[in-house]
Amino acid sequence: MSVSTQLGLLLWKNLTYRRRQTIQLLIEIVWPLFIFFILISVRLHYPPYEQHECHFPNKAMPSAGTLPWVQGIICNANNPCFRYPTPGETPGVVGNFNDSIISRLFIDVKKILLYSQNDRSLEGFKGLVRALRNMQKHTAGFKLKDFLRDDESLSTFLERNASLTQHAVREIVEADINLEKVLIKGFDVHLRAMCNTTSLEDFVTISDKMVSLQTQEILCASSTEWLNQAESHFLSNLDFLKPIRKDVRSDPKDIQAVSVATDSLLESLGSLAVELASMRSWQDLRKEVQYLMGNGSGSPGLMYQAVSRIVCGHPEGGGLKIKSLNWYEDNNYKALFGNHGNGSDEEPVSVYDNSSTPYCNSMMKNMESSPISRMIWRALKPLLIGKILYTPDTPATQRIIKEVNRTFQELGVLRDLGGMWDEMKPKIWNFMENSEEMDLVRTLLQNNASARFLNAQLSGTSWRVEDVSAFLSKRSEDPRPPGSALTWRDVFNETDQAVQTVSRFMECVNLDKLEPVANEERLVNKSMRLLDDRKFWAGIVFPDIHSNSSELPDNVNYKIRMDIDNVERTNKIKDGYWDPGPRADPFKTCATSGAGSPTCRTSSSTESSGP
């Protein structure tokens, strides 16, 4: 039988069998298709995770600056991975955080301080006050009508709404005005305060005593609503600078001096306001701080995102949603679930530290209260209150240690910030609340002519004169409703709270970190005692420098001794699960390099040496 015949019979047999077993035929066709469609559905709904190329931020050393170094510790704690090259990869660029709020704030403050060196506002204040006094000294005086607009409607208002006679209205309009008082204190004049005779006569002197008494009776007997309406109408008819521009009774030289001083002051204030309006960093910082203070019980992830925006300002959405490539760490895992490696089932108890402040002890107790915060605290505690031991203690090594200690000396400024602020705080408050300079600014802001001039200078900003006037307003006797405009007192109180918080926190940080020991054996023994309280950061050994040496060798060799649990080991599996790619979660593998300068790196050893 030929091959073709056998093949034909086999096909006929299969066809006949499938035709007789219809259900089996359908199952053989549908079942593979069903499995195939399931695979397609799974692939469409759960596409494979594509890990882009990773650019890890570089870690700045303390020699690059205190701020980049601190930012590197905080922002690289989870070693975020970025799709595109980071700024620190550019030659000559150290930091990756120039877009962070705190970095922009330092830049803005530096810009304002440099601008203040050339600012002429204070000289403008003094010049204007001096010119006003000279002008008032050489003139017969000013009347209230001199401050009223040409199309004033105050007289009509007083006749109709205050039931005053034409004679009384004329006496009020002809009342003598103290120009210096009006310009410096005029912004704070309220009609309800005029019920007091002394306050009234400080600004206005009505020649007819009967009209003066009648005016006071009306002011004292009227309702608050009527007084507010009258005050608004009165202010709308005032032009504080009109006597300066149009007074012909004074010496022309005095008028010109006042006019020049006023223009100079307005120009200086406008330029200063433009510089301050460009400081967007302060507004961003205030927004984030308010979020942190209002969400103290929020999720740790959202809190960390807010801190990251303040300190880090990472690109690509902040790098906050970029998960670690290697999520499982045995030390973190044990700390999270209560296994602290001490062979005991008991959790560590926070012991009251008599050498620290009550605020610090309370903070430490709170950090030990939950597994997540405890894990973070165990990692940060050596950095905050840990010691860096070094040996030998010689003039040669002290030269190196002096350079290392410079970073901690710079951080000490933050600790002293509270004392400096307490000294300056009353002076700042008194200047903003009671100084003649600020009162003059408030008056100019409420004057229509000067307000138009300042609004023209602020045209390129989001500020308006009304906003500045509300911000600089003095303490009001009326209660402020919720949602009122921000004032300088709000900023002052928030700054006071922030400075005090930073100062109290820095008292919890041990800045006297560098401690000498006689030899390496004693260094190891002391470090073991410090490790019991997690107060050991690192040890530095200079093996080639003798105990009596005063000169450094050409090449300085050193060893860095660290807690063995915080470095890589060759006899222990660090990661329970392996996956390809770089090590992306070095939070528990912090090493110390650069003669005691800390950095986090993906691998380290118990002992290191370097040139």
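Per full-length UniProt numbering, residue 1 is the first one in the sequence shown, and the count goes up by one each step.
Every residue gets a Cβ at the ideal spot worked out from N, C-alpha and C, and that includes glycine.
CB of residue i within 8 Å of CB of residue j, strictly
i	j	result
Tyr359	Pro516	no
Asp208	Glu159	no
Leu302	Leu128	no
Ser401	Leu514	Going by the sequence as given, residue 401 is Ile instead of Ser. In this structure, Leu514 lies closer than 8 Å to Ile401 by Cβ.
Leu458	Ala306	no
Leu292	Val204	no
Ser100	Ile310	yes
Ser356	Cys508	yes
Ala449	Asp239	yes
Gln71	Phe34	no
Ala162	Ile206	no
Glu288	Ile112	no
Leu411	Val502	no
Asp108	Met279	yes
Ala64	Val93	no
Ala168	Gln214	yes
Contact test: residue i Cβ vs the ligand GDP heavy atom, cutoff 7 Å
i	result
Ser271	The ligand GDP is not part of this structure, which contains no ligands at all.
C-alpha distance - residue i paired with residue j, whole-angstrom precision
i	j	result
Ser527	Met364	22 Å
Leu511	Ile540	17 Å
Leu10	Ser4	10 Å
Arg19	Leu26	11 Å
Met506	Val413	9 Å
Val258	Leu445	17 Å
Leu7	Val42	41 Å
Ser103	Gly294	24 Å
Ile29	His45	25 Å
Gln117	Met432	20 Å
Asp490	Asn354	36 Å
Asp422	Arg415	13 Å
Thr599	Arg504	Residue placement at Thr599 is poorly supported in this model, since its pLDDT is 39, which falls under 50; the coordinates still yield a value, given next. Answer to the nearest angstrom: the Cα atoms are 26 Å apart.
Ser547	Asp554	17 Å
Asp467	Asn79	43 Å
Ala396	Leu472	56 Å
Glu50	Pro57	21 Å
Tyr304	Val441	41 Å
Phe37	Pro47	15 Å
Leu227	Lys474	19 Å
Asn430	Asp439	12 Å
Ser223	Asn237	21 Å
Glu123	Leu380	50 Å
Residue i, enclosing beta strand (DSSP E) - first and last residue
i	result
Lys387	Lys387 to Thr391
Val541	Phe536 to Val541
Pro516	Leu514 to Pro516
Lys365	Lys365 -> not in any beta strand (DSSP E); alpha helix (DSSP H) instead, spanning Pro358 to Met367.
Arg561	Lys559 to Arg561
Residues near residue i in its chain [Cβ-Cβ closer than 6 Å; skip 5 each side]
i	result
Pro426	none
Leu454	Gly270 and Val465
Leu55	The question names Leu, yet the displayed sequence has His at residue 55. Answer for His55: Phe82, Pro85 and Thr86, listed in chain order.
Glu437	Phe125
Trp69	Ala60 and Pro62
Boundaries of the alpha helix (DSSP H) in which residue i is found, first to last residue
i	result
Arg43	Thr22 to His45
Lys209	Lys209 to Ala221
Arg442	Glu436 to Gln446
Lys526	Glu520 to Asp532
Cys75	Thr66 to Cys75
Met293	Arg280 to Gly294
Leu472	Here Leu472 belongs to no alpha helix (DSSP H), and DSSP marks it neither H nor E.
Ser503	Trp488 to Met506
Val109	Ile101 to Ser116
Asp94	The sequence as given places Val at residue 94; Asp does not occur at that position. From DSSP, Val94 is part of no alpha helix (DSSP H); its letter is neither H nor E.
His167	Gln166 to Val173
Glu225	Thr224 to Ser236
Arg160	Leu154 to Asn161
Contacts around residue i, its chain only, beta-carbon distance under 8 Å, and the 5 residues preceding and following it disregarded
i	result
Val173	Lys143, Leu144, Lys145, Leu148, Leu154 and Ser155
Gln166	Glu159
Thr394	Ile545, His546, Ser547, Asn548, Ser549 and Ser550
Val248	Only weak support exists for where Val248 lies, its pLDDT of 46 falling under 50; the value from the coordinates is given anyway. There are no such residues.
Glu89	His55 and Asn58
Same chain, Cβ closer than 7 Å to residue i, five either side skipped, listed in chain order
i	result
residue 661	What the structure shows of the chain is the stretch from 1 to 611, and residue 661 is not part of that stretch, so it cannot be assessed.
Glu520	Thr391 and Val541
List, from N- to C-terminal side, the beta strand (DSSP E) runs of 3 residues or more that fit wholly inside the region 393 to 428. DSSP runs (the beta strand (DSSP E)) wholly in the region 393 to 428: none.
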